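Those letters in the sequence shown? Residues 95 to 525, by our numbering. So the structure is just underneath, and the comments pick up after that.
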Amino acid sequence: MVTGNMLRRQRFMHYDASFDRPNRNCRTHANDQLISRLKKLPLQSRLEMNKKIMDRNRARRERACSNSDEVSDVESLITIEDEEMDDIRSDPDVFAAAKPLLDAATIRELNRANKEDATREKEARLTLGDSEWTLEPDAILTKIDATQLNPISFPPEMFFTAKHKHNFPLAFFTPKNLSFINSNLHKNAHEDKKYILNISDMEKKIKGAKTGPSRDEEMTVLDWWKAYTNYHAFESSRSMSPENNPRALFFKSHFNFFVNQEDSEELYDIWRPYEAKLRQRHYELDMEFDAAMYANTWMEIKAISASRPKQYAAKENTYQHVYPSSLSPFTLATGTKTSPLVASDAVREVTRLGTRTQTTVDFPSYRTVELKLEQRTVTRKSVSSTTASDCATKDAHGTSIYARYAEAPTPAGTITYTPELVFFPQSGKRN
């Protein structure tokens, strides 16, 4: 903005000293009624009238230079308010419409005012006060020990972004993602606020760089385990008193609750969205840790788990009950059209055939497993329900599979099946 003792409209629009003559005959603002009418005119109309007034005033001055006869007083311009002048110079469309009605001096003054504003804003960004930062630690140089994990550091921009209520996804705190963020800060700053990181744009860059999961829902249980300790360290570092920081204390209890559950790893795919929801609710409501509410949440998670069908995975010469998440990081795929083994009401017998083991298993409700994978076409030999050696095969990606369950033995030929359930080896060589 242009500042000074003189009003902006007096600097933008031409001002003539003859306006101050005590015996001057007012032409534009002749009476209060006319002034009221002029104020009600649209901006475009007032600019057009001012253009005509400036043309007439210029003609008067020219006549005064060539004619000794007394020339009548110049006309004063119709008032254009400061806010309207700001709109003209800040909005390109408004300026384009008004430009033909403005004289060269006014256009020059508008451009000068814009340059002043741009310079002032740049200086303000460069002189950001210490009060804007939550914490501004001195740089600490670290000697790298090849036998230890690389130290984790959080750039000041992350603290500044979090202070302004922009919450980072947990996925950003895996070691590789933090390293990527530190190395690419110059690409992730918000366009208008250089010290606030653009989280949405950063998410896209992490996804493109493939350094790790860019969103919480993409995290495996291993990713979550790596990220939560760094997330808690970040929240603790936002305060000068990490041990007594209420937010850090909340996240210590919050994360420990999910980590310390006996079947935490097996139920990860169920509790992950609950954890994210509780974390977001804490930020929105400044909610403290409520042990009773968390206990009720875990009871709900267990109820969902109990309603899901159990699945089996090959482990050496036996089979064990597992859930989809515990097969991670292997791709989970299944088929409803192939069956080297026969489904029964229970795991009822194990028969040793030489060095191989063949069993019948219970699989009454496996079609309810919540998986979304593409259909695949395979060609294989016909197998019977009693030939254990035919239980081992490979899918289209070359991954070893020990069993596909369905309601009948597999016929020979080419089969197109919808993935629903497949057993992967838990030990031994994986192809």
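By construction, the Cβ of each residue, glycine as well, lies at the ideal position given by its N, Cα and C atoms. Predicted, not measured: the structure shown is a model, and the values here were computed from it.
- Query: Where in the region 339 to 390 do unbroken runs of the alpha helix (DSSP H), each at least 4 residues long, occur, reported from the N-terminal end onward?
  - Reply: 340 to 353 and 362 to 379
- Item | C-alpha distance - E169 paired with I147, whole-angstrom precision | 7 angstroms
- Query: What number of angstroms, rounded off, separates the C-alpha of Q355 from the C-alpha of D185?
  - Reply: 58 angstroms
- Query: alpha helix (DSSP H) containing A192: first to last residue?
  - Reply: P186 to A192
- Item | Three-way DSSP call (helix, strand, coil) for L135 in this model | coil
- Considering only residues of the same chain and omitting the five flanking positions on each side of F344, which have a CB-CB separation below 7 angstroms? H376, E382 and F383
- Would you kindly work out how many angstroms separate the C-alpha atoms of S302 and S308, rounded to a whole number? One detail in the question is off: residue 302 reads as Gly in this sequence, not Ser. When rounded, the distance between both Cα atoms is 9 angstroms.
- Query: With C-beta atoms as the reference, is Y325 less than 8 angstroms away from F253?
  - Reply: no
- Task: From the DSSP output, in three-state form, read off L171 for me.
- Result: coil
- Query: In terms of residue numbering, what span does the alpha helix (DSSP H) encompassing D317 cover?
  - Reply: V315 to S331
- Message: Please tell me whether A321 and L264 are closer than 8 angstroms, where the distance is taken between their beta carbons.
- Response: yes
- Could you check how far apart the C-beta atoms of G306 and K346 are, in whole angstroms? I think they sit under 8 angstroms. Not confirmed; about 24 angstroms, so no contact.
- Query: Considering only C-alpha positions, which residue in the set M179, L291, D176 and K145 is nearest to K257?
  - Reply: L291
- What's the gap between the Cα of F136 and the Cα of R214? Contrary to the premise, residue 136 reads as Pro rather than Phe in this sequence. Whole-angstrom Cα-Cα distance: 32 angstroms.
- Message: Quick check: the Cα distance between L195 and E142, rounded to an integer number of angstroms?
- Response: 6 angstroms
- Where the alpha helix (DSSP H) containing D295 begins and where it ends: I293 to A303
- Reduced DSSP category for N151 - H, G, I as helix; E, B as strand; rest coil: helix
- Query: How would you call D126, buried or exposed, if buried means at least 16 neighbouring beta carbons within 10 angstroms?
  - Reply: exposed
- C-beta contact flag for N276 and S247 at 8 angstroms: yes
- Could you give the DSSP three-state label for T268: helix, strand or coil? coil
- Taking the alpha-carbon positions, what's the S273 to N261 distance? 18 angstroms
- Query: Where does L316 land, buried or exposed, given buried means 16+ other C-beta within 10 angstroms?
  - Reply: exposed
- Query: Which residues in the same chain as S333 place their Cβ atom closer than 6 angstroms to its Cβ, once the five residues preceding and following it in sequence are excluded?
  - Reply: N339
- Report the rounded CA-to-CA distance for I199 versus R131, giving the unit in angstroms. Rather than Ile, the amino acid found at residue 199 in this sequence is Ala. Taking the straight line from one Cα to the other gives about 27 angstroms.
- Message: Given a cut-off of 8 angstroms on the beta-carbon distance, is the pair R183 and A207 in contact?
- Response: yes
- Query: What residue does the alpha helix (DSSP H) around R257 start on, and which one ends it?
  - Reply: Just to set this straight, residue 257 is Lys in the shown sequence, not Arg. Looking at the DSSP string, the run of the alpha helix (DSSP H) that includes K257 is P250 to K257.
- Query: For N350, does the count of other Cβ atoms within 10 angstroms reach 16, so buried, or fall short, so exposed?
  - Reply: exposed
- Message: Quick check on DSSP: helix, strand or coil for R202?
- Response: helix
- Message: Looking at the ligand ATP, does it come within less than 7 angstroms of K301, judged from the CB to the closest heavy atom?
- Response: This structure does not include the ligand ATP; it has no bound ligands of any sort.
- Message: Taking only three categories from DSSP, how would you classify R183?
- Response: helix
- Message: Let me confirm a value: N151 is counted as buried when at least 16 other C-beta atoms fall within 10 Å, else exposed. Which label applies?
- Response: buried
- Task: Return the chain-ordered list of same chain residues with a C-beta closer than 7 angstroms to the C-beta of V188, the five sequence neighbours on each side being excluded.
- Result: D181 and I182
- Query: Are I174 and R140 touching if we call contact CB-CB under 8 angstroms?
  - Reply: yes
- Message: Quick check on R366: buried or exposed, where buried means 16 or more other Cβ atoms within 10 Å of its Cβ?
- Response: buried
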